[in-house]
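Every number in the working numbering is 571 more than the matching position in the sequence shown, counting from 1.
All residues carry an ideal CB built from backbone N, CA and C; glycine is no exception.
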Amino acid sequence: MQKRINVKVNEKSLSFDVDIRKSLLEVLRFELGYTGTKKGCGVGECGTCTVLVDGVPIDSCIYLAIWADGKSITTIEGVASNGELSNVQQVFVDEGAIQCGFCTPGLVLTTTALVESKQDYTTEEVKRELSGHLCRCTGYQNILHAAEKALGIEHPCKCGDTDK
């Protein structure tokens with residue numbers, strides 16, 4: 572069964588028919604060509620398929636496309652502008668938080684949502700917000716540092732200078 576939905580993907584208004592059984596991930600990747608959204612576990616546990624729906628990070632593999640009707644979706648392709656990396660993307664590069672890149676789109680989008688919320692976060696809160704993402708390449712420290720830096724969380728100097 573098909574249903575017509577109206578969505579905004581990366582600021583572009585779209586109207587199309589979608590199979591009511593398809594996930595948002597399937598529609599974004601395989602029908603609309605947004606391949607930056609990755610398929611990982613398929614059960615909402617790894618965070619690889621994260622996109623923003625009305626600014627909120629969701630696992631698109633377990634979110635039906637029909638639920639997105641009338642909503643605004645941001646994929647990793649919609650984060651950069653005019654060929655320039657977003658601040659969050661640049662911080663991930665600068666902090667070496669990209670490794671193989673498979674999980675990076677979801678992590679960048681979740682961090683982007685945190686930054687755009689304009690709330691103050693503690694390190695523990697950032698860890699909790701990123702806990703839905705699995706990365707098999709790192710020990711998560713660079714990812715955490717990148718997210719904290721994007722959020723403006725300062726760390727005391729660990730350079731051995733006791734005056735600081």
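- With the rule of 3 Cβ pairs closer than 8 angstroms, the region 668 to 682 counts as touching the region 699 to 706.
- Taking a cut-off of 8 angstroms on C-beta distances, the region 623 to 639 touches the region 583 to 601, as three or more cross pairs fall below it.
- N577 is the residue among G615, I714 and N577 whose C-alpha sits nearest the C-alpha of W638.
- Taking a 10 Å sphere around the C-beta of V662, we find 16 or more other C-beta atoms and assign the residue as buried.
- In the assembly as shown, E655 is an exposed residue. Its beta-carbon has fewer than 16 other beta-carbons within 10 Å.
- For D625, there is no enclosing beta strand (DSSP E), as DSSP marks it with neither H nor E.
- Between the alpha carbons of C674 and T621 lies a gap of roughly 9 angstroms.
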